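Okay, so the sequence shown: first residue is 2 according to our numbering, each after it adds one.
Where is the CB? At the ideal position from N, CA and C, for every residue including glycine.
Nothing here was measured: the structure is a model prediction, and the numbers come from that model.
Reviewing the structure listed below.
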Amino acid sequence: MRYALKHIVPSGIPAALEKADKYRELNQPAEAESICRDVLAIEAENQLAHRILGLALTDQFAASTGTRFSEAQQAFARLLDPYERAFYGGLACERQAKAQLAAGLPLASIRPLFDRALAHYAEAERLRPAGNDDAILRWNSCVRALEAAGHPSPPADPGADWESDSVPHQR
């Protein structure tokens, strides 16, 4: 017997998305992901499904999750609201960076992810609705993670210092 995916009915989408959100709360992101994919098979531009799918994918990040990271970025890129696109794009980068940091990868290889997260959060802060400080809170979380890792700011460009450079002497 061959198994095939079944389609849900469009009228069941709101209840399905509530279940997906609940599965995320229960730390069962694979189930939430599956439900979102069922919804998107019926309603490809459902914004809530894209948002929950992206979050469910980021819930599954580990050190070697390049595919999951790419999928989460794609889900968030489909969000129509520029603020949400920027905010959730930052969240994907932040969660990937923190997963890799927790796995012991060197900060030098992870810093570009933090830099991208911070750039997304800066854009989200610019676009945010009045009274919404979520992007600022996430920004601060990234900065604290970098401080805890011992590197709060990017290394300075070592460029040439013509005042202190000297020509080697031969004796």
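Query: Helix, strand or coil for residue 121? Go by DSSP, reduced to three states.; Result: helix
Query: With a CB to CB cut of under 6 Å and the five nearest residues on each side skipped, what residues in its chain are close to residue 70?; Result: 97
Query: Do you know whose CA, among 145, 87, 14 and 22, lies nearest residue 120's CA?; Result: 87
Query: Quick one: complete alpha helix (DSSP H) runs, 4+ long, within the stretch 67-93?; Result: 67-78
Query: Mind checking residue 48: buried by the 16 CB within 10 Å criterion, or exposed?; Result: exposed
Query: Rounding to the nearest angstrom, what Cα-Cα distance links residue 1 and residue 28 in this structure?; Result: Past the edges of the chain, shown from 2 to 172, lies residue 1, and the structure says nothing about it.
Query: Suppose you measure from the CA of residue 42 to the CA of residue 68; what does that come to, to the nearest Å?; Result: 20 Å
Query: Under a three-way DSSP split, which group does residue 18 fall into?; Result: helix
Query: CA-CA distance, residue 238 and residue 76?; Result: A question about residue 238 goes unanswered here, because the residues of the chain that appear run from 2 up to 172.
Query: Could you compute how far the alpha carbon of residue 85 sits from the alpha carbon of residue 111?; Result: 24 Å
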